[in-house]
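Numbering (my numbering), first residue to last: 1 to 283. Every residue, glycine too, gets a C-beta built ideally from N, C-alpha and C. Because the structure is a prediction, the values reported are computed rather than measured.
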């Protein structure tokens with residue numbers, strides 16, 4: 001009977017430990033989970049494509065005005081930006097760069113937004129063809145690419161650097177402004193992987209190890225129950241195939257009836273008084 005109590009206690013401790021570890025891992029995952037900031041173009045203006053302004057200054061102005069918005073949506077984690085590289089392309093692909101701009105690195109607190117407005121001078125676009133397109137009612141397409149490295153601040157801990165590479169097409173009409181009234185979100189071309197995947201992998205390995213320890217603990221409990229039952233005289237009981245197999249494995253030299261009684265002790269964990277001698281027969 002002591003094997004029953006000890007086995008139940010050990011199994012209960014293991015189960016509680018697994019549950020506690022799971023809850024702790026969940027809270028740790030929530031604490032370490034990060035998400036990259038949202039980058040968007042809020043305003044985009046190309047004066048030379050504004051067909052309503054016929055001034056000489058506008059017709060020779062090949063500048064691009066832009067308004068970049070960086071939104072840190074995390075409520076408990078700050079973001080350190082390295083220098084942010086902006087590349088402007090004429091056309092929807094990245095084969096025709098026309099301008100570059102660098103935003104100096106900075107720190108952004110949790111739940112904060114940052115705006116970076118500036119102007120760059122574009123070199124190389126076929127302005128005459130672009131102006132003809134917008135004058136005919138079509139649009140000219142520019143592409144904005146952004147690349148930088150991020151570090152996340154979690155309480156007093158700073159993570160390693162993570163790459164942020166995003167971009168989006170910007171359509172410009174005959175007013176020289178972007179067609180979309182809303183901000184244009186810069187998106188990544190590859191799937192994002194959060195740094196919490198390592199934590200999830202660790203938790204899976206932990207569960208496997210604990211499950212194996214629990215199985216070994218149960219085997220030891222079975223052995224103790226067999227040792228206890230071998231010193232008692234028990235009678236026949238209905239047994240499962242697994243019970244019979246376990247008894248044969250640990251006690252191969254016992255007669256079949258005694259194997260069955262030991263199986264009852266292992267899997268039901270209860271001692272039964274010895275029956276009358278007349279019922280035992282030759283055993």
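Since residue i sits in a beta bridge, which residues does DSSP pair it with?
i, result
"residue 148", "164"
"residue 108", "79"
"residue 158", "153"
"residue 24", "According to DSSP, residue 24 bridges with nothing at all."
"residue 139", "In DSSP, residue 139 forms no bridge with anything."
"residue 113", "71"
"residue 120", "64"
"residue 44", "66"
"residue 88", "99, 144"
"residue 175", "50"
"residue 134", "Residue 134 pairs with nothing; no bridge assigned."
"residue 185", "40"
"residue 93", "Paired residue(s): none; residue 93 is not in a bridge."
Do residue i and residue j have their CB atoms nearer than 8 Å?
i, j, result
"residue 63", "residue 122", "yes"
"residue 67", "residue 43", "yes"
"residue 174", "residue 49", "yes"
"residue 70", "residue 144", "no"
"residue 106", "residue 142", "no"
"residue 90", "residue 98", "yes"
"residue 163", "residue 92", "no"
"residue 41", "residue 183", "yes"
"residue 146", "residue 161", "no"
Taking the alpha carbon of residue i as the point to measure from, which residue in the options has its own alpha carbon closest?
i, options, result
"residue 33", "159, 44, 174", "159"
"residue 153", "83, 41, 110, 54", "110"
"residue 134", "22, 51, 24, 37", "51"
"residue 73", "90, 112, 161", "112"
"residue 35", "77, 60, 148, 17", "77"
"residue 65", "118, 101, 146, 56", "118"
"residue 186", "176, 165, 204", "165"
"residue 61", "176, 188, 84, 138", "176"
"residue 120", "100, 204, 137, 150", "100"
"residue 114", "16, 39, 56, 18", "39"
"residue 204", "132, 25, 55, 56", "25"
"residue 155", "116, 75, 188", "75"
Around the Cβ of residue i, are there at least 16 other Cβ atoms within 10 angstroms (buried) or fewer (exposed)?
i, result
"residue 37", "buried"
"residue 46", "buried"
"residue 240", "Low confidence applies to residue 240: its pLDDT is 48, below 50, so where it sits in the model is not reliable, and the reading given next is rough at best. So residue 240 counts as exposed."
"residue 79", "buried"
"residue 23", "exposed"
"residue 274", "Summary for residue 274: the model assigns pLDDT 42, below 50, so the residue's position carries little reliability, and this model does not support an answer."
"residue 125", "buried"
"residue 84", "buried"
"residue 94", "exposed"
"residue 148", "buried"
"residue 19", "exposed"
"residue 231", "Because the pLDDT of residue 231 is 47, which lies under 50, any placement of that residue in the model is unreliable, and the question is left without a value."
"residue 193", "Per-residue confidence for residue 193 stands at a pLDDT of 48, beneath the threshold of 50, marking its modelled position as unreliable; no derived number is given."
"residue 234", "Low confidence applies here, because residue 234 scores a pLDDT of 41, under 50, leaving its location unreliable; read the following figure in that light. Buried is the call here."
"residue 238", "Low confidence applies to residue 238: its pLDDT is 39, below 50, so where it sits in the model is not reliable enough to give any reading."
If residue i sits next to residue j, beta carbons under 8 Å apart, how far is it from one beta carbon to the other, in whole angstroms?
i, j, result
"residue 179", "residue 140", "Wrong, their Cβ atoms sit about 10 Å apart, outside the cutoff."
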